[in-house]
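Heads up: the structure comes next, in structure tokens.
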Amino acid sequence: MAVRKILQYGDERLNTICTKVDKIDRKILNLVDDMMDTLYEGTGIGLAAPQIGILKRVILIDLGNEEEEPIILLNPKITARSGNEKDYEGCLSYLGYEGEVFRPTNVTVEGINIKGKPVKYEAEGLLARAFCHEIDHLDGVLYMSRAEEMYELTED
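In short: position in the sequence shown from 1, add 47, done, that's this note's numbering.
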């Protein structure tokens, strides 16, 4: 469909709590298509609708594993979490920086897929971290507010 502009840190929409998707219509399906085009244009592993200025509870995660389809989830919520680990995170809405963030090592996430069917994911490691990061976006929370330390990336 279209590559959208990714909002950058400082845009107030990134700090807004998103509204629930009430129905899956052409508008939502187009949004998902645009999110996929936008994510694959860059270097990230996930994208949330507010990052392209749409304040709806929609996330997309693709860890780049060719055996697995990208995860498209509407109205996601974390229903269980366990463990705790610190690792580096970056964000397409805050390019050139990364931070050390504590996240659960395991999460259970529930939501609906683009066909309107309930789905549940048991995630660990990087996928758990990606779910937490993208769902935070839906609640207007940026990873920098959770970071222990931030680092500017330099090209060597």
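Quick reminder that beta carbons are idealized off the backbone N, C-alpha and C, glycines included.
Look at the Cβ atom of T85, then the Cβ atom of I125, and state whether they are nearer than 8 Å. Not closer than 8 Å, so no.
Helix, strand or coil at L120 according to DSSP, with G and I counted as helix: Looking at L120 - three-state DSSP - the assignment turns out to be strand.
Three or more beta-carbon pairs under 8 Å between the segment 131-149 and the segment 70-82, yes or no? Cβ pair count under 8 Å is below three, so no.
Spatially closest choice to C179 from A95, I159, N160, by CA coordinates: Looking from the CA of C179, the closest CA among A95, I159, N160 belongs to A95.
Apply the 10 Å Cβ neighbour rule to E115 and answer buried if 16 or more other Cβ atoms are within range, or exposed otherwise. Label assigned to E115: exposed.
Unbroken beta strand (DSSP E) run spanning K74, endpoints: Where K74 is concerned, there is no enclosing beta strand (DSSP E), although the alpha helix (DSSP H) it sits in stretches over 73-88.
Leaving out five residues on either side along the sequence, give the residues of the same chain with a beta carbon under 8 Å from the beta carbon of G187. Cβ neighbours of G187 beyond the five flanking positions: L61, N62, T63, I64, C65, P97.
Looking at the unbroken alpha helix (DSSP H) that takes in G158, where does it start and where does it end? Not the alpha helix (DSSP H): G158 falls in the beta strand (DSSP E), residues 153-159.
What's the call for P151, buried or exposed, on a 16-neighbour Cβ count within 10 Å? Using a 10 angstroms sphere on the CB of P151, the tally of other CB atoms reaches 16 or more, which defines it as buried.
Range of the contiguous beta strand (DSSP E) that encloses D186: Element bounds for D186: n/a, residue is neither H nor E.
Between Y168 and the rest of its own chain, which residues show a CB-CB distance below 6 Å, the 5 nearest in sequence each way excluded? Contacts found: V156.
So which of L174, P165, E132, K52 has the shortest CA-CA distance to E88? When each option's Cα is compared against that of E88, the closest is K52.
Taking Cβ to Cβ, would you say A175 is nearer than 8 Å to N153? It is a contact, given that the beta carbons lie within the stated cut-off.
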